[in-house]
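*Asks:* If you read the sequence shown in full-length UniProt numbering, its first letter stands for residue 1, the second for the next number, and so on.
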Amino acid sequence: MKYKCLDLDDVKVINFGFIPEFGLVISVENKCPIVECPKCQSKTGRVNRNDSQLIRDLPMMGKMVHLNINRRQMRCQKCGHKFVEELSYVKKNRKFTNRMAEKIIKEVINSDIKNTALNNEVSEQEIQTMLKDKGEELKKGKPVGLKKLGIDEIALEKGKQNYCAVLVNIETGELLGILEKRNKEELIKYMKEWGEEVLLGIEEVSIDMWRPYQKVAEEMMPEAEVVVDRFHVMKQINEELDKARRSAKREMELRIKKAKNKKKKQELKSQLEILKNSKYVLLKNREDLEEEEVKKNG
Numbered sequence: 001m002k003y004k005c006l007d008l009d010d011v012k013v014i015n016f017g018f019i020p021e022f023g024l025v026i027s028v029e030n031k032c033p034i035v036e037c038p039k040c041q042s043k044t045g046r047v048n049r050n051d052s053q054l055i056r057d058l059p060m061m062g063k064m065v066h067l068n069i070n071r072r073q074m075r076c077q078k079c080g081h082k083f084v085e086e087l088s089y090v091k092k093n094r095k096f097t098n099r100m101a102e103k104i105i106k107e108v109i110n111s112d113i114k115n116t117a118l119n120n121e122v123s124e125q126e127i128q129t130m131l132k133d134k135g136e137e138l139k140k141g142k143p144v145g146l147k148k149l150g151i152d153e154i155a156l157e158k159g160k161q162n163y164c165a166v167l168v169n170i171e172t173g174e175l176l177g178i179l180e181k182r183n184k185e186e187l188i189k190y191m192k193e194w195g196e197e198v199l200l201g202i203e204e205v206s207i208d209m210w211r212p213y214q215k216v217a218e219e220m221m222p223e224a225e226v227v228v229d230r231f232h233v234m235k236q237i238n239e240e241l242d243k244a245r246r247s248a249k250r251e252m253e254l255r256i257k258k259a260k261n262k263k264k265k266q267e268l269k270s271q272l273e274i275l276k277n278s279k280y281v282l283l284k285n286r287e288d289l290e291e292e293e294v295k296k297n298g
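(1) Determine, using beta-carbon pairs with one atom in the segment 96-114 and one in the segment 70-86, whether at least three such pairs fall under 8 Å.
(2) With H, G and I counted as helix, E and B as strand and the rest as coil, what does DSSP make of Ser27?
(3) Run through DSSP, which three-state label would Arg99 get?
(4) Thinking C-alpha only, which one of Cys76, Asn70, Val216, Arg255 is nearest Cys37?
(5) So, with DSSP's three-state summary, where would you put Arg46?
(6) How far does the beta strand (DSSP E) with Glu225 in it reach, from first residue to last?
(7) Starting from Gln41, trace the alpha helix (DSSP H) in both directions and tell me its first and last residue.
(8) Could you spell out where the beta strand (DSSP E) holding Arg71 opens and where it closes?
(9) At 3 residues or longer, what runs of the beta strand (DSSP E) sit wholly inside the segment 90-141?
(10) Between which two residues does the alpha helix (DSSP H) carrying Val144 extend?
(11) At the level of alpha carbons, what is the spacing between Ser13 and Tyr163?
(12) With C-beta atoms as the reference, is Val216 less than 9 Å away from Ile154?
(13) Inspect the beta-carbon positions of Leu199 and Met220 and report whether they are closer than 9 Å.
(14) In the DSSP output, what is Phe22 paired with across the bridge?
(15) Anyone know if the C-beta pair for Arg94 and Thr129 falls short of 9 Å?
(16) Alpha carbon to alpha carbon, what distance is there between Gln73 and Asn48?
(17) On the DSSP bridge assignment, give the partners of Arg56 in chain order.
(18) Are there 16 or more other CB atoms within 10 angstroms of the CB of Ser206, so buried, or fewer, so exposed?
(19) Where do the ends of the alpha helix (DSSP H) carrying Ile207 lie?
(20) Write down the C-beta distance between Lys114 and Cys79 rounded to the nearest angstrom, noting that I regard them as a contact closer than 8 Å.
(21) Take Leu268 and list the residues in its own chain whose beta-carbon comes closer than 8 Å to its own, dropping the five residues that flank it on each side.
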């Protein structure tokens, strides 16, 4: 009986079942009995030992999926070399499939490691390993037809100012690089490997307000138009507004506490209430404000 549910060409499904703590567990093995010896390149089908390995795969119908792989240790019939067979869908010493890693990397680029780890029930360390693997893989290639470059970052630890840099082709969404640091020196070193032809072909660079990104764009792509991404500008404005509002709120609460008479205390409480609701009013254009909002906020 054939199973097509996994959509992995070189995999044969042996059986499957549901285990509460693991979700769906699917037992699989390599379809091809013959593999190549990495030492002498001879073909061999001699199995020295069968080992079981449990790895994470993409979820199905909202359920977690584990693949229970029969990962064979082979013995070359020609040179006697023992080796573990290579599998196209999972890297050596990894506990997740390549496509699971791709899914998580896409998510973490638009979020942060902590939330992505929680949403996918994986550890933050595993995600860092996925990012490192992908970064090493991307180093081997260079962009083709790159016109619009995006430089962004991923928060490794939220609120800790710990980031890695991400390079992306804005037009295609193709990931071009993941760097462990987002400083100017690391970015320049990485992008120099692309070569002058690629860099001269870049017409636009989209960045946030992180100053080193601007320096990189000016130095490496002086003819390119630098665009400060609106999302990041609004994010920074929001953060600055929140900081100012929190400071003003603390000051107002202190004044209320020190107020001598009831009338003054009530007046300050009314001002505090306006302050609490002022964030979205501050972000609106004046012409878009309701009459009541103009009166309240001056």
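Think of the CB as a built atom: it goes at the ideal place given N, C-alpha and C, for glycine as much as any other residue. None of these values were measured; they are calculated from a predicted model.
*Replies:* According to the structure shown:
(1) no
(2) In the sequence shown, counting from the first residue as 1, residue 27 sits at position 27. Ser27 falls in the strand class under three-state DSSP.
(3) As a working note, residue 99 is residue 99 in the sequence shown. If DSSP states are grouped into helix, strand and coil, Arg99 belongs with the helices.
(4) For the purposes of this step, residue 37 is identified with residue 37 of the sequence shown, where counting begins at 1. Answer by Cα proximity: Cys76.
(5) In the sequence shown, counting from the first residue as 1, residue 46 sits at position 46. It is coil, neither helix nor strand.
(6) Taking the first residue of the sequence shown as 1, we reach residue 225 at position 225. Segment 225-228, the beta strand (DSSP E) holding Glu225.
(7) By 1-based counting over the sequence shown, the position of residue 41 is 41. No alpha helix (DSSP H) holds Gln41; DSSP gives it neither H nor E.
(8) Residue 71 sits at position 71 when you count from the first residue of the sequence shown. Unbroken beta strand (DSSP E) run through Arg71: 63-75.
(9) none
(10) For the purposes of this step, residue 144 is taken as the residue at position 144 of the sequence shown. Element bounds for Val144: n/a, residue is neither H nor E.
(11) Sequence index remark: in the sequence shown, residue 13 carries index 13 (1-based). Sequence index remark: in the sequence shown, residue 163 carries index 163 (1-based). Checking the displayed sequence, the identity of residue 13 turns out to be Val instead of Ser. Distance between the alpha carbons of Val13 and Tyr163 is about 40 Å.
(12) Sequence index remark: in the sequence shown, residue 216 carries index 216 (1-based). Sequence index remark: in the sequence shown, residue 154 carries index 154 (1-based). In this structure, Ile154 does not lie closer than 9 Å to Val216 by Cβ.
(13) Mapped onto the sequence shown, residue 199 falls at position 199. Mapped onto the sequence shown, residue 220 falls at position 220. Yes, these two residues count as a Cβ contact at 9 Å.
(14) Locating residue 22 in the sequence shown gives position 22, counting from the first residue. According to DSSP, which records beta bridges pairwise, Phe22 is partnered with nothing at all.
(15) In the sequence shown, residue 94 corresponds to position 94, counting from 1. In the sequence shown, residue 129 corresponds to position 129, counting from 1. It is a contact, given that the beta carbons lie within the stated cut-off.
(16) As a first step, residue 48 must be located in the sequence shown, where it is residue number 48. As a first step, residue 73 must be located in the sequence shown, where it is residue number 73. Approximately 5 Å, taken between the alpha carbons.
(17) Position 56 of the sequence shown holds residue 56. Arg56 is bridged to His66, Phe96.
(18) Translated into positions along the sequence shown, residue 206 becomes position 206. With 16 or more other Cβ atoms within 10 Å, it is buried.
(19) On the sequence shown, position 207 is the one that residue 207 refers to. First-last for Ile207: 204-207, but that is the beta strand (DSSP E), not the alpha helix (DSSP H).
(20) As a position in the sequence shown, residue 114 is number 114, starting the count at 1. As a position in the sequence shown, residue 79 is number 79, starting the count at 1. That belief does not hold up - the Cβ atoms of Lys114 and Cys79 are roughly 48 Å apart, past 8 Å.
(21) Here the question's residue 268 lines up with position 268 in the sequence shown. Taken in chain order, the residues that qualify are Met252, Arg255, Ile256, Ala259.
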